[in-house]
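Quick mapping for you: the protein sequence lines, in order, are chains A and B. Mapping of the first sequence onto numbering that gives the first Met the number 0: position 27 corresponds to residue 26, and the numbering continues sequentially without gaps. Mapping of the second sequence onto numbering that gives the first Met the number 0: position 668 corresponds to residue 667, and the numbering continues sequentially without gaps. Cβ atoms here follow ideal geometry from the backbone N, Cα and C, with glycine treated the same way.
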Amino acid sequence: MTLMDKAWIDIGALDDIPRLGARVVKTPLGCLAVFRAENDEVFALDDRCPHKNGPLSQGIVHGRTVTCPLHSWVISLESGSAQDSDEGQVKTFSVRVDNGRILIDADALLARAG
Amino acid sequence: MKKKLVIIGNGMAPGRALEKLFELAPDAYDVTIFNAEPRVNYDRIMLSPVLSGEKTFEEIVIHGDGWYVERGITLYKGHEVVEIDRATKTVRSEPGEVASYDKLIIATGSVPFVLPVPGHDLAGVLTYRDLDDVHAMLLAARAGGRAVVIGGGLLGLEAAAGLKEQGMNVTVLHLMPTLMERQLDVAAGHLLEKAVEARGIKVITKANTKAIVSSDIRLGPARVRAVELEDGTLIPADLVIMAIGIRPNVALAKEAGLECKRGIVVDAGMRTSDPDIFALGECVEVDGQVFGLVAPLYEMAGVAALHLSGDVSPRFVPSATATKLKVTGINLFSAGDFADGKDRQEIVLRDAARGIYKRLVLKDDRLIGVVMYGETSDGAWFFDLLRKGTDIAPMRDTLIFGPSFAAGGPADPMAAVAALPDEAEICGCNGVCKGKITGAIDAFSLTSLEDVRARTKASASCGSCTGLVEQILKIKLGDRYNPAAIQPMCGCTHLGHDDVRRLIVAQELKSIPALMQALEWKTSCGCAKCRPALNYYLLATWPGEYRDDGQSRFINERVHANIQKDGTYSVVPRMWGGMTSAKELRAIADIVDKFAIPSVKVTGGQRIDLLGVRKEDLPAVWGELSDAGMVSGAAYAKGLRTVKTCVGSDWCRFGTQDSTGLGIRIERFMWGSWTPAKVKMGVSGCPRNCAEATCKDVGVICVESGFDIHFAGAAGLDVKPTDLLGHVDTEDEVVEVIAALVQLYREQGRYLERIYKWARRVGIESIRQHVLDDTERRRALHDRFVISQKFAQIDPWAERARGKDAHEFRPLADLTRAEAAE
Ligand code: SRM
Ligand SMILES: Cc1cc2nc3c(=O)[nH]c(=O)nc-3n(C[C@H](O)[C@H](O)[C@H](O)COP(=O)(O)OP(=O)(O)OC[C@H]3O[C@@H](n4cnc5c(N)ncnc54)[C@H](O)[C@@H]3O)c2cc1C
Ligand code: SF4
Ligand code: FES
């Protein structure tokens, strides 16, 4: 399947997220955290820290990582895995930016629902 | 009756003499000082760091105004004494002030020598002696252009490095074939020249200045345009600094008929030919010798103070002095006499690859001279051997390798320092010996360089002994001292908090990206540790100018509520001084019902916490609190939290003052301020202390006669009672002192460092001096606090209720329905 064959859902404008910030997307199975890194790369992860479910969307974003607001675990935005000596994994979703709009992979979201 | 002591000149020598005198005989004299410079006593040797921008004048002041006030000293600033009348025992200053003396000290220092070449009096030709010279240089440097420094000695090279640092194109002219020839031999002089040139400063040796050439007067007022050398070379210049030497300033003493040769002649008790007149500092001559470094002047000061206090036995004996150049990155050390001579031998070590050169000069098995370039860590050890005249015959073969070899052990760099005796001087600027440093490390459990600086002043001035101090720490603490682990702010930089703060000011850094670029951050955008700290430092340094960066704040401060373990938030409105009303309570009750807030709790800080508010509801909750007149309690902030009070004289049978009213006044004045860590206060109406003020960051205990101000308490992870800062009489003073205290903390505290830790680091005494004793500084700190409050006292809740940062509180998208439809 090529990129274009995939079903993408528009979840908002890139400029709706501050640089080095995040916003929440509500889904039937809990929230997603959508991050915008310094160079405008966008990442989407489950908004649940592998440690104790802290809302990652509320953390401080630096490089391609976020520091969880509750107990400061550092999570990779690319892979969803906990950094340093911590162990844990967050589910990630493909997103892309097209004409200033953020699109998320609908199939992956559905797969999560299923 | 007290005797009258008058001092002419307020430089480093008399400053030290007064310190000693007030220790020995605090009540013996009424002291009056005349100073031609319009300012207090400051550390003249630190002018170069002020010139290069590494320090501010404030930081090099030795005695602030409060110091004089506290000791009842009258200081006439900007009063040059023009006459000493020995018959009537009076002195007269230029503006006409006359003071009579029982004892007089002349400490007029030196005057810089000016080459008497044509054009030496043109505008743009300066000498380098005092703060005014530095200001003039900084002003000239602002326009950029070319500077020519005449004189390649200590002062000239420091001026050149400073002007280069300020962006000027700099040339140094030196008459002799090598730089600093009085302190360095030819080999070291050449190495130095290479190092200076490597910094982009041009050096011309054997340069004999013939004239200073004026600009074309048809084009404006005459000023310097170039320097002309004997061989006809013209060197363009917009600024010329003459740093070719100094002459003892003896004019006044000579006119008064005191015996003068090169300097004012004094005996070993620092007395001039008139027994009631003492002289000390650079203006004197002892045994045919004059002096130009502070170490011997401080010894003179000690002798003079003892004589003035009645002990006439001590004698000043000139001893060898050591020289270091205060130019960052250039290490050189020299001491004693290193001229060649028949009866002298020398030992030389060179390491070309590492740019190291060391030379020892010996006479009769004693060390009489040391020159070191490139690697100077053994300097103190050699200097100690030299001063003591130790017989070095037994270790002669390995002497040049330093103390590690002398001890016969393996080559261990630490051994050099370990081998130093307690009396060995480590910090020449402040006269701190090794024993004092090791003593302070033990007594106050010091663990870092900063701690030692704050406690002992060692390495706090020019910093050239920093390496030695660090080695002492390492010897004392072993593995517990890990400078690399303590110092950097985080993995993104090698700089420590204090360096970053200093550079923010020095380089006028005003945004996080600008700072990271200028200070060579190792990561593209920092981390969760450094960004909040940088955001605070910039905010505190540039109030009103810096734009707060929300993305660099911890979530609580970004959204002005405390995140809870389930991702909901808590909301704590201010209750000024713990007072509330039926109206406020009713509004809170209604809000709890309307938003189905699960928990309502009375906090340990005398107010109410609404716990479990959903993030989306926050702006609406705040809107309603705002309508009822309540503002954010900042229960989440590194800022002012609560001011707890007791009922005080309003109701209580023991109350001495209106503690509730005072607490409310303080809270209303100080809310909204950002600080390095949270700040909690308390005001109790009597020493029974029902508001628990003596374990707060700042606490006030009301007493019959006024107010005791306490600070630096802790009752969290650590528990510690407060220290008493001091007593004041009025509420107005309480408010001013507390604002000054918090401002000083805002300026000096490291991010996340509570007040008690900051106080432990910098010392209670220094804080007390700034915010209590020295009323001028106190006022200035207070005023800076007031300015920053102008921009800080905006209720963040009201702002957000009106729509600010709305994106924070709304999801980007809601797919719950969309997906359900698919
Ligand atoms: C609500 C309250 C407990 C209560 O129910 O009474 C409370 C609650 C919290 N305290 Fe506290 N502290 C509360 C009074 C205190 C006190 C007592 C006091 O203020 O008189 C102390 C001891 C004094 C002190 O500050 O050191 C106290 C020492 C701490 C500490 C240890 C700080 C330290 O440096 O030792 C922390 C942790 C921290 O700040 O890093 C902390 C942190 C917290 C945090 C912010 C934990 C967190 O990061 O989420 C809690 C937030 C709860 C919330 O969402 O409101 N709380 N906490 C009190 C709020 C006071 C207020 O009205 O603002
Ligand atoms: C840029 C620079 C760097 C230096 N670096 C070092 C260093 O690294 N190490 C070191 O040991 N030394 C250094 N020195 C030298 C050191 O600063 C001096 O040795 C020391 O300050 C001299 O102290 P003093 O009290 O004798 O005189 P000063 O500190 O010169 O004080 C004399 C004061 O008397 C005032 N005065 C003069 N005449 C009158 C009058 N008639 N009436 C009233 N007031 C009068 C002057 O205005 C002046 O304020 C440096 C000096 C300079 C300028
Ligand atoms: S502090 Fe003193 S005056 Fe105030 S309530 Fe307690 S006992 Fe009463
Ligand atoms: S929940 Fe994220 S670090 Fe604990």
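As a quick exercise: from 30/B, 43/B, 74/B, pick the residue whose alpha carbon is nearest that of residue 10/B. Taking the second sequence and counting its residues from 1, the one referred to as residue 10/B is at position 11. Answer by Cα proximity: 43/B.
Return the first residue and the last residue of the alpha helix (DSSP H) that residue 497/B is part of. By 1-based counting over the second sequence, the position of residue 497/B is 498. Unbroken alpha helix (DSSP H) run through residue 497/B: 496-505.
Give me the Cβ distance between residue 549/B and residue 804/B, rounded to the nearest whole Å; I'm assuming they're in contact under 8 Å. Walking along the second sequence from the start, residue 549/B turns up at place 550. Walking along the second sequence from the start, residue 804/B turns up at place 805. Residue 549/B to residue 804/B, Cβ: 7 Å. Contact.
I'd like to know if the region 433-441 of chain B and the region 467-476 of chain B are in contact, where contact means that at least 3 CB-CB pairs between them fall below 8 Å. yes
Proximity test, residue 128/B beta-carbon vs ligand 2 heavy atom, cut-off 7 Å: Taking the second sequence and counting its residues from 1, the one referred to as residue 128/B is at position 129. Yes; taking the cut-off as 7 Å, the Cβ of residue 128/B has a heavy atom of ligand 2 nearer than that.
Residue 815/B CB to nearest chain A CB: under 8 Å? Indexing the second sequence from 1 puts residue 815/B at position 816. Interface residue, yes.
Just to make sure I have the definition right: I need the residues of chain B whose C-beta is within less than 7 Å of the C-beta of residue 97/A. Which are they? Within the first sequence, the letter at position 98 stands for residue 97/A. Within 7 Å Cβ-Cβ: nothing; residue 97/A doesn't reach chain B, min ~15 Å.
For residue 550/B, which residues in chain A fall below 8 Å Cβ to Cβ? Along the second sequence, read from residue 1 onward, the residue named residue 550/B stands at position 551. What residue 550/B touches in chain A: 17, 18, 19, 20, 59, 60.
Cα separation between residue 409/B and residue 477/B? For the purposes of this step, residue 409/B is identified with residue 410 of the second sequence, where counting begins at 1. For the purposes of this step, residue 477/B is identified with residue 478 of the second sequence, where counting begins at 1. For residue 409/B, the predicted structure reports a pLDDT of 42, less than 50, and the residue's modelled location is therefore unreliable. A value from the coordinates is still provided. Their backbone Cα atoms lie some 18 Å apart in a straight line.
Can you list, in chain order, the residues of its chain with a C-beta nearer than 7 Å to that of residue 744/B? Leave out the 5 residues immediately preceding and following it. Numbered from 1 along the second sequence, position 745 holds the residue referred to as residue 744/B. Taken in chain order, the residues that qualify are 674, 675, 754, 757.
Assuming residue 369/B contacts residue 382/B under a Cβ cut-off of 8 Å, what Cβ separation, rounded to an integer in Å, is found between them? In the second sequence, counting from the first residue as 1, residue 369/B sits at position 370. In the second sequence, counting from the first residue as 1, residue 382/B sits at position 383. Right, the Cβ-Cβ distance comes to about 7 Å (below 8 Å), so this counts as a contact.
So that I know if they touch, is there some Cβ in chain B lying closer than 8 Å to that of residue 23/A? Here residue 23/A is taken as the residue at index 24 of the first sequence, counted from 1. Yes - at least one Cβ of chain B is within 8 Å of the one on residue 23/A.
Is the CB of residue 806/B under 8 Å away from at least one CB in chain A? Here residue 806/B corresponds to residue number 807 of the second sequence, with the count starting at 1. Yes, contact with chain A.
Whole angstroms is fine: what's the gap from residue 39/B's alpha carbon to residue 733/B's? Here the question's residue 39/B lines up with position 40 in the second sequence. Here the question's residue 733/B lines up with position 734 in the second sequence. One C-alpha to the other measures close to 27 Å.
Neighbourhood of residue 552/B by C-beta distance below 7 Å, restricted to the same chain and skipping five residues each side: Position 553 of the second sequence holds residue 552/B. The answer, listed in chain order, is 531, 534.
List the residues of chain A that residue 522/B touches, going by C-beta distances under 8 Å, in chain order. What you label residue 522/B is simply residue 523 of the second sequence in a count that begins at 1. In chain order: 61, 62.
Along chain A, in chain order, which residues have C-beta atoms closer than 9 Å to that of residue 564/B? Working through the second sequence from its first residue, we reach residue 564/B at position 565. By Cβ distance, chain A contributes 51, 52, 53, 69.
Please check the pair residue 209/B and residue 227/B, which I expect to be a contact at CB under 8 Å, by giving their CB distance rounded to whole angstroms. As a working note, residue 209/B is residue 210 in the second sequence. As a working note, residue 227/B is residue 228 in the second sequence. With a Cβ gap of about 5 Å, residue 209/B and residue 227/B count as contacting.
Write down the C-beta distance between residue 92/B and residue 80/B rounded to the nearest angstrom, noting that I regard them as a contact closer than 8 Å. Position 93 of the second sequence, counted from the start, is the residue given in the question as residue 92/B. Position 81 of the second sequence, counted from the start, is the residue given in the question as residue 80/B. Indeed they touch by this definition, with Cβ atoms about 5 Å apart.
I'd like the list of long-range same chain contacts for residue 199/B, defined as Cβ closer than 7 Å, with 5 residues on each side in sequence excluded. The count along the second sequence starts at 1 and reaches residue 199/B at position 200. The residues are 163.
Nearest-residue set for ligand 4, Cβ under 5 Å from any heavy atom: 48/A, 50/A, 51/A, 53/A, 67/A, 69/A, 70/A, 72/A
Rounded separation between residue 74/B and residue 233/B - CA only: For the purposes of this step, residue 74/B is identified with residue 75 of the second sequence, where counting begins at 1. For the purposes of this step, residue 233/B is identified with residue 234 of the second sequence, where counting begins at 1. Taking the straight line joining both Cα atoms gives about 46 Å.
Consult DSSP for residue 64/A and reduce its assignment to one of helix, strand or coil. On the first sequence, residue 64/A is found 65 positions in, with the first residue counted as 1. The answer is strand: DSSP assigns residue 64/A an E or B state.
Given residue 821/B, which residues of its chain have a CB within under 6 Å of its CB, disregarding the five upstream and five downstream residues? For this step, residue 821/B is matched to residue 822 along the second sequence. Any answer about residue 821/B is weak, because its pLDDT of 40 lies below 50 and its placement is not dependable; what the coordinates show is given next. None.
Helix, strand or coil at residue 553/B [DSSP, three-state]: Along the second sequence, one-based indexing puts residue 553/B at 554. Coil at residue 553/B, not helix or strand.
Can you have a look at residue 588/B and say buried or exposed, based on whether 16 or more other CB atoms are within 10 angstroms of its CB? Counting from one through the second sequence, the residue named residue 588/B turns up at place 589. By the 10 Å Cβ count, residue 588/B comes out exposed.
Select from 638/B, 120/B, 418/B, 688/B the residue whose C-alpha is nearest the C-alpha of residue 653/B. Sequence index remark: in the second sequence, residue 653/B carries index 654 (1-based). Cα-wise, what sits closest to residue 653/B is 688/B.
When the distance is taken between beta carbons, is residue 267/B closer than 8 Å to residue 315/B? Locating residue 315/B in the second sequence gives position 316, where the first residue counts as 1. Locating residue 267/B in the second sequence gives position 268, where the first residue counts as 1. Yes, the Cβ-Cβ distance between residue 315/B and residue 267/B is below 8 Å.
Proximity test, residue 85/B beta-carbon vs ligand 2 heavy atom, cut-off 7 Å: Position 86 of the second sequence, counted from the first residue, corresponds to residue 85/B. Not under cutoff, so the answer is no.
For residue 488/B, does the count of other Cβ atoms within 10 angstroms reach 16, so buried, or fall short, so exposed? What you label residue 488/B is simply residue 489 of the second sequence in a count that begins at 1. Classification of residue 488/B: buried, given that the 10 Å Cβ count is 16 or more.
Kindly list, in the order they appear in chain B, the residues whose Cβ is closer than 8 Å to that of residue 10/A. Residue 10/A sits at position 11 when you count from the first residue of the first sequence. Those are 811, 812, 814, listed as they occur along chain B.
Kindly list, in the order they appear in chain B, the residues whose Cβ is closer than 8 Å to that of residue 33/A. The residue given as residue 33/A occupies position 34 in the first sequence. By Cβ distance, chain B contributes 811.
Hey, residue 630/B and residue 573/B are a contact pair by Cβ (cut 8 Å); roughly how many whole angstroms apart? Within the second sequence, the letter at position 631 stands for residue 630/B. Within the second sequence, the letter at position 574 stands for residue 573/B. Residue 630/B to residue 573/B, Cβ: 5 Å. Contact.
Near-chain A residues of the region 524-535 of chain B - C-beta to any C-beta below 8 Å: 524, 525, 526, 527, 530, 531
Local Cβ density within 10 Å of residue 484/B, reported as buried at 16 or more and exposed below that: On the second sequence, position 485 is the one that residue 484/B refers to. In this prediction, residue 484/B scores a pLDDT of 49, lower than 50, which makes its location untrustworthy; the coordinate-derived value is nonetheless stated afterwards. It is exposed - the Cβ of residue 484/B has fewer than 16 other Cβ atoms within 10 Å.
Taking the alpha helix (DSSP H) that residue 297/B belongs to, which residues open and close that run? Taking the second sequence and counting its residues from 1, the one referred to as residue 297/B is at position 298. Start and end: 293-307.
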